[in-house]
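K.L.:
Residue numbers (the numbering used here): 68 to 177. For reference, the structure I am asking about is given below.
Written out as structure tokens, the structure is:
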């Protein structure tokens with residue numbers, strides 16, 4: 068019975084760690100877009116909408132980029148905020164794990 072409890076506790080700890088990392092990442096993204104919003108308290112709602120939006124992935128071997136094309140949102144004002152988020156994310160020049168490809172975000176029409 069102790070082994071079973073230990074496995075459950077390890078699993079719970081692992082899942083809680085993932086949830087904490089996801090929450091911190093969302094908090095950072097929320098902070099990035101709040102400055103561009105008239106209703107700053109709605110930043111997490113907009114992020115949830117962005118998470119559900121379709122996106123295309125393309126590899127540009129010449130420029131060593133993994134391009135994430137995020138489809139435009141329902142409202143033009145949200146698209147402007149998404150474009151600002153893409154610009155800020157691109158400035159980080161984050162590499163996709165285990166590759167030399169830099170993540171590059173942009174919006175595209177559906």
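For every residue, glycine included, the Cβ atom is placed at its ideal position computed from N, Cα and C. Small disclaimer: the values here were computed from a predicted structure and weren't measured.
My assumption, with CB atoms under 8 Å, is that residue 124 sits in contact with residue 135. Please give the rounded CB distance.
P.N.:
Walking along the chain shown from the start, residue 124 turns up at place 57. Walking along the chain shown from the start, residue 135 turns up at place 68. Indeed, because the Cβ distance is near 6 Å, the residues count as touching under 8 Å.
K.L.:
Would you decide whether residue 172 is buried or exposed? Buried here means 16 or more other CB atoms lie within 10 Å of its CB.
P.N.:
For the purposes of this step, residue 172 is taken as the residue at position 105 of the chain shown. Its Cβ being crowded by 16 or more others within 10 Å, residue 172 is buried.
K.L.:
Go ahead and pull the three-state DSSP assignment for residue 147.
P.N.:
On the chain shown, position 80 is the one that residue 147 refers to. In this structure, residue 147 counts as helix in the three-state DSSP scheme.
K.L.:
Look up residue 140 in the DSSP assignment and say whether it is helix, strand or coil.
P.N.:
Within the chain shown, numbered from 1, the residue matching residue 140 stands at position 73. DSSP places residue 140 in coil when its eight states are reduced to three.
K.L.:
According to DSSP, simplified to helix, strand and coil, what is residue 157?
P.N.:
Translated into the one-based positions of the chain shown, residue 157 becomes position 90. Reduced to three states, the DSSP call for residue 157 is helix.
K.L.:
Give me the Cα-Cα distance between residue 122 and residue 175, rounded to the nearest whole angstrom.
P.N.:
For this step, residue 122 is matched to residue 55 along the chain shown. For this step, residue 175 is matched to residue 108 along the chain shown. Each residue's Cα considered, the two are about 9 Å apart.
K.L.:
Give a yes or no on contact between the region 91–109 and the region 134–154, applying the rule of three or more CB pairs nearer than 8 Å.
P.N.:
The answer is yes - the region 134–154 touches the region 91–109, with three or more Cβ pairs under 8 Å.
K.L.:
Can you find a CB in chain D that lies within less than 8 Å of the CB of residue 111?
P.N.:
Of the protein chains in this structure there is only one, and it is not chain D.
K.L.:
So who's on the other strand from residue 83, going by DSSP bridges?
P.N.:
Here the question's residue 83 lines up with position 16 in the chain shown. The partner list for residue 83 (beta bridge, DSSP) is empty, contrary to what the question assumes.
K.L.:
First and last residue of the alpha helix (DSSP H) that includes residue 130?
P.N.:
Taking the first residue of the chain shown as position 1, residue 130 is located at position 63. Here residue 130 belongs to no alpha helix (DSSP H), and DSSP marks it neither H nor E.
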